Amino acid sequence: MPVLDEVLAHNAGFVEERTKPFGRSPAKKIAIFTCMDTRLVDFLEPAMGVKRGDAKIIKNAGTTVIDPRGGVIRSLVVAVHALGCEEIFVIGHLDCGMGQIDEKKLERKMRASGVSQRAITELQPSLSEWLGTFKDVYGNLRRVTKIIRQNPLIPKSVPVHGLMFDPATGKLEVVVRGAKRGR
Ligand SMILES: [Zn+2]
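Taking this note's numbering, the leading residue of the sequence shown gets 22, the next gets one more, and so forth.
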């Protein structure tokens, strides 16, 4: 087939896919909470078979929950109670940058770029705890999965899974298999 025709055939499929009516509610009824790591962009989704319209995706630095009423929980509450998500996937990844942050070095960089010492000191309970840095990606994943599972705003009928993703190979490993729990 001439290349032009290949392109046009691909484009017809692309347009058809794009113009499928997408609702606000995710087709697979899942919410994914993961890291903002650049290697996960357009890689974690195909690795999971998740396409446009399939899932709510929440990201932050390190797949971390610091505040039990903060942005991550708020988004999950909306995903579950307003948008029909019936399952939550917490996905950490190997070689996460938040496991390798040198707080002293970061603080020096913040100071050098004009951030006041006072603004840094006011971060509670400390810069590192506020950042949510960790030493062990598996430990962080288990901790965060548990925090979400035990959050009183998340219904017991919603399984919360904890998975580890390898950004080099695309392999997913189940670390915590969630289940529906009784009320
Ligand atoms: Zn990361």
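Glycine is no exception: its CB is placed at the ideal position from the N, C-alpha and C atoms.
Just so we're clear, the structure is a prediction, and the values are computed from it rather than from any experiment.
So, with DSSP's three-state summary, where would you put residue i?
{"i": "F68", "result": "In the sequence on display, residue 68 carries Ala and not Phe. Correct three-state label for A68: helix."}
{"i": "G199", "result": "coil"}
{"i": "G153", "result": "coil"}
{"i": "V28", "result": "helix"}
{"i": "F43", "result": "coil"}
{"i": "A52", "result": "strand"}
{"i": "K73", "result": "Residue 73 is actually Arg in this sequence, not Lys. Three-state DSSP puts R73 in coil, outside helix and strand."}
{"i": "V62", "result": "coil"}
Please classify residue i as buried or exposed, where buried requires at least 16 neighbouring CB atoms within 10 angstroms.
{"i": "F206", "result": "This structure cannot speak to residue 206, because the chain is shown only from 22 to 204."}
{"i": "H102", "result": "exposed"}
{"i": "V158", "result": "buried"}
{"i": "R170", "result": "buried"}
{"i": "T166", "result": "buried"}
{"i": "A100", "result": "buried"}
{"i": "A161", "result": "At residue 161 the sequence reads Asn, which differs from the Ala that was named. So N161 counts as buried."}
{"i": "V179", "result": "buried"}
{"i": "G113", "result": "buried"}
Can you round the beta-carbon distance between residue i and residue j to whole angstroms, since I take them to be within the 8 Å contact cut?
{"i": "H182", "j": "F64", "result": "Between F64 and H182 the Cβ distance is about 19 Å, and since that is not below 8 Å, they are no contact."}
{"i": "V195", "j": "R163", "result": "Wrong, their Cβ atoms sit about 12 Å apart, outside the cutoff."}
{"i": "G83", "j": "C117", "result": "6 Å"}
{"i": "R202", "j": "K177", "result": "4 Å"}
- request: Evaluate the contact criterion for the region 90–106 versus the region 135–155: three or more CB pairs, one atom per stretch, below 8 Å.
  value: no
- prompt: Touching or not, the region 60–75 and the region 177–193, by the rule of three or more beta carbon pairs under 8 Å?
  reply: yes
message: Could you tell me which whole beta strand (DSSP E) segments of length 3 or greater appear in the region 76–149?
response: Runs found: 76–81 and 108–114.
task: Starting from the N-terminal side, write out each stretch of the beta strand (DSSP E) that is 3 residues or longer and does not extend beyond the region 152–195.
output: 181–186
query: Can at least three beta-carbon pairs, one atom from the region 118–133 and one from the region 149–157, be found at a separation below 8 Å?
result: yes
message: I want to know whether the region 50–59 touches the region 74–82 - three or more CB-CB distances under 8 Å.
response: Between the region 50–59 and the region 74–82 there are three or more inter-stretch CB-CB distances shorter than 8 Å, so the stretches are counted as touching.
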